[in-house]
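Engineer: Got a structure here, written out as structure tokens. Questions coming.
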Amino acid sequence: MFPLKMRIPVSETISTSIKCSSSYILRPCQQTYYIQRRGYKKKWAKNEGSKPYTVHALNHMETFYKPVFKNLWPSIRISLLTTSKYCALLNNYNSESDKVENYLKDFGAYNAMEEAASARKKYLEKENKQILIENSSLPLDSFLDFPKRPQKKEDENDEYNNESFDETEEEAVDKIEPVVGKNTSLHDFIPTKKVFSEKELLQQQIVSTSTFSDSTVDVPIKVIQEQVPELPNSMKFFVYPKGDVSNFPNPKMKHGDLLGYYLLDATSLLPVVALDIQERDSVLDLCAAPGGKTLAMLQTLQTENITCNDESWTRLGRLRDIAKWYLGGVPSSMSVSRNDGKQFVDPLYDKVLVDVPCNTDRHVLISEDNNLFKPGRVDERLNLPSRQRDLLIAGIQSCKPGGTIVYSTCTLSPAQNDGVIQATMEHLWKETEIDSVVIDLSYLRPIFASIFSFFPETKYGQLVIPSLSSNFGPMYICKIKRIR
1 MFPLKMRIPV SETISTSIKC SSSYILRPCQ QTYYIQRRGY KKKWAKNEGS KPYTVHALNH
61 METFYKPVFK NLWPSIRISL LTTSKYCALL NNYNSESDKV ENYLKDFGAY NAMEEAASAR
121 KKYLEKENKQ ILIENSSLPL DSFLDFPKRP QKKEDENDEY NNESFDETEE EAVDKIEPVV
181 GKNTSLHDFI PTKKVFSEKE LLQQQIVSTS TFSDSTVDVP IKVIQEQVPE LPNSMKFFVY
241 PKGDVSNFPN PKMKHGDLLG YYLLDATSLL PVVALDIQER DSVLDLCAAP GGKTLAMLQT
301 LQTENITCND ESWTRLGRLR DIAKWYLGGV PSSMSVSRND GKQFVDPLYD KVLVDVPCNT
361 DRHVLISEDN NLFKPGRVDE RLNLPSRQRD LLIAGIQSCK PGGTIVYSTC TLSPAQNDGV
421 IQATMEHLWK ETEIDSVVID LSYLRPIFAS IFSFFPETKY GQLVIPSLSS NFGPMYICKI
481 KRIR
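At position 299 of the sequence shown (counting the first as 1) the number is 299 in the UniProt record's numbering, and the numbers step up by one without a gap.
Laid out in structure tokens, this is it:
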């Protein structure tokens with residue numbers, strides 16, 4: 001920027017016209033201009049210098065994430081601002097998947113699921129894990145002692161309660177304790193102790209929806225261990241070793257009649273692993289689009305039928321494109337619906353994946369387009385925890401007793417991760433007759449330690465944090481089992 005009233009000569013060749021015999025002759029001439037910066041109002045300069053949305057997002061993370069991750073935050077921060085790492089999910093529906101597998105290995109990638117299976121075997125041998133439920137034929141709640149819910153008290157101030165009319169009006173008035181003094185009139189002005197501006201109220205709301213603390217409500221939230229499930233070995237995904245930042249080439253129709261592999265963040269496969277899909281399972285993907293996790297579930301070759309739901313036609317269009325290029329079209333075992341996820345309340349499914357909309361930490365740090373930290377999307381961002389809770393409640397209600405639900409996000413926000421789990425369990429306990437427990441997923445850490453970096457201080461779920469040597473994530477996953 002030039003200093004105020006600084007005159008800078010600028011020479012420019014222009015054309016001038018001279019009238020000659022009813023025609024015009026154009027000839028160049030030299031003229032000098034001077035650029036002078038005018039005075040300005042401070043508020044105009046402030047608006048002109050407004051920060052990009054990505055900077056607002058980074059400032060938000062510095063405020064609310066840094067105190068949580070402490071000395072890990074500098075590494076997480078720079079990793080989020082660096083190009084993320086991808087894996088190649090092998091497409092088993094391709095007729096030449098073996099050739100595709102060799103093609104990926106030629107780039108120096110390896111089958112991470114194979115390595116994880118080996119790590120699982122070593123983990124079980126070392127820990128000598130015992131099966132928590134040895135007899136699956138026992139009633140689901142036979143091993144869990146849930147306290148009885150407190151009965152709701154009848155409204156003591158019910159206008160139809162005859163006991164309330166036994167005393168006279170004078171007796172009732174005498175029982176009212178004065179708050180501000182006997183001589184205070186209803187017409188007296190009592191000043192408020194503090195008046196909050198609209199900005200201050202917004203800041204308070206941002207703090208309340210961006211932080212998580214242990215609940216003071218006495219609600220039984222059980223976290224139990226269960227048998228470490230088998231890994232879906234047919235769901236093969238290839239990654240480069242830690243520290244290798246090479247990129248996979250975009251998939252092409254080089255082998256077979258379908259695309260041979262799908263590129264995605266490898267942490268997106270962890271919710272599918274945690275879901276532990278078995279043969280003949282009926283599966284609901286509550287927020288399915290754009291379809292990466294749906295495709296991964298189909299690669300397990302276990303699902304009998306899968307319902308893919310999303311509320312956006314545009315995103316469902318991307319899901320159908322994936323089905324076209326990787327499956328040859330929407331298979332008969334797969335149904336697609338466009339509904340608000342909160343409408344799913346009937347217990348029809350064995351397994352439910354609830355991959356909710358969230359802060360999308362990586363996207364808001366690198367892209368201005370449709371950024372969640374735009375001023376026009378403040379209300380949407382502040383309502384995310386409430387929306388996530390409602391979607392998870394619907395997912396649990398849609399699950400059969402004995403089935404499992406996996407909740408996942410791609411954000412580091414504690415309020416949208418453990419906070420949503422706690423709020424959901426509290427709601428189910430106080431407002432419904434549904435009993436559910438959180439399944440301990442800590443076994444994922446040693447099994448996938450060679451691929452991902454985990455944050456050890458979560459309360460209910462597991463959180464993969466980005467690191468420069470293994471720049472996957474973030475991804476939070478929590479597994480819930482519905483008992484009754």
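C-beta atoms are modelled at their ideal positions from N, C-alpha and C, and glycine is treated no differently.
1. With Leu316 as the anchor, note down where its alpha helix (DSSP H) starts and where it stops.
2. What did DSSP end up calling Ile477 once you bin it into helix, strand or coil?
3. Starting from Ser118, follow the alpha helix (DSSP H) in both directions and report where the run begins and ends.
4. Around the C-beta of Ser470, are 16 or more other C-beta atoms found within 10 angstroms, so that it is buried, or is it exposed?
5. Given this structure, state the Cα-to-Cα distance separating residue 490 from Thr300, to the nearest angstrom.
6. Taking the beta carbon of Phe452 as the centre, do at least 16 other beta carbons fall within 10 Å, making it buried, or is it exposed?
7. With the cut-off set at 8 angstroms, would you say Leu392 and Val437 are in Cβ contact?
8. When the Cα of Met113 is compared with those of Ile322, Trp313, Lys236 and Lys351, which residue comes out closest?
9. If contact is defined by three or more beta carbon pairs under 8 angstroms, each pair taking one atom from either stretch, is the region 297-317 in contact with the region 216-235?
10. Just curious, the alpha helix (DSSP H) that Lys105 is in, first and last residue?
11. Please classify Leu81 as buried or exposed, where buried requires at least 16 neighbouring CB atoms within 10 angstroms.
12. Start and end of the alpha helix (DSSP H) containing Lys66?
13. Is the Cβ-Cβ distance between Cys410 and Asp361 less than 8 angstroms?
14. Thinking C-alpha only, which one of Ile405, Arg280 and Ile306 is nearest Lys481?
15. In terms of DSSP beta bridges, what is Tyr262 paired with?
16. CB Arg389 to CB Thr424, shorter than 8 angstroms?
17. So if DSSP puts Leu463 in a beta bridge, which residue, or which two residues, is it bridged to?
18. So, with DSSP's three-state summary, where would you put Asn59?
19. From the DSSP output, which residues share a beta bridge with Asn309?
20. Looking at the secondary structure, which residues open and close the beta strand (DSSP E) in which Ile405 lies?
21. I need the straight-line Cα distance from Tyr354 to Gly395, nearest angstrom please.
Structural biologist: If we stick to the structure as given:
1. Leu316 -> alpha helix (DSSP H) spans Trp313 to Leu327.
2. If DSSP states are grouped into helix, strand and coil, Ile477 belongs with the strands.
3. Ala112 to Glu127
4. Looking at its Cβ environment, which holds 16 or more other Cβ atoms inside 10 Å, Ser470 is buried.
5. Absent from the model: residue 490. The displayed extent of the chain is 1 to 484, so no value can be given.
6. With 16 or more neighbouring CB atoms inside 10 Å of its own CB, Phe452 falls in the buried class.
7. No, Cβ-Cβ distance for Leu392 and Val437 is not below 8 angstroms.
8. Lys236
9. yes
10. Ser97 to Lys105
11. exposed
12. If you look at Lys66, you'll find it in the alpha helix (DSSP H) that goes Lys66 to Phe69.
13. yes
14. Ile405
15. Leu89
16. yes
17. Phe455 and Tyr476
18. helix
19. Ser337
20. Cys399 to Thr409
21. The sequence as given places Val at residue 354; Tyr does not occur at that position. Computed Cα separation, rounded: 6 angstroms.
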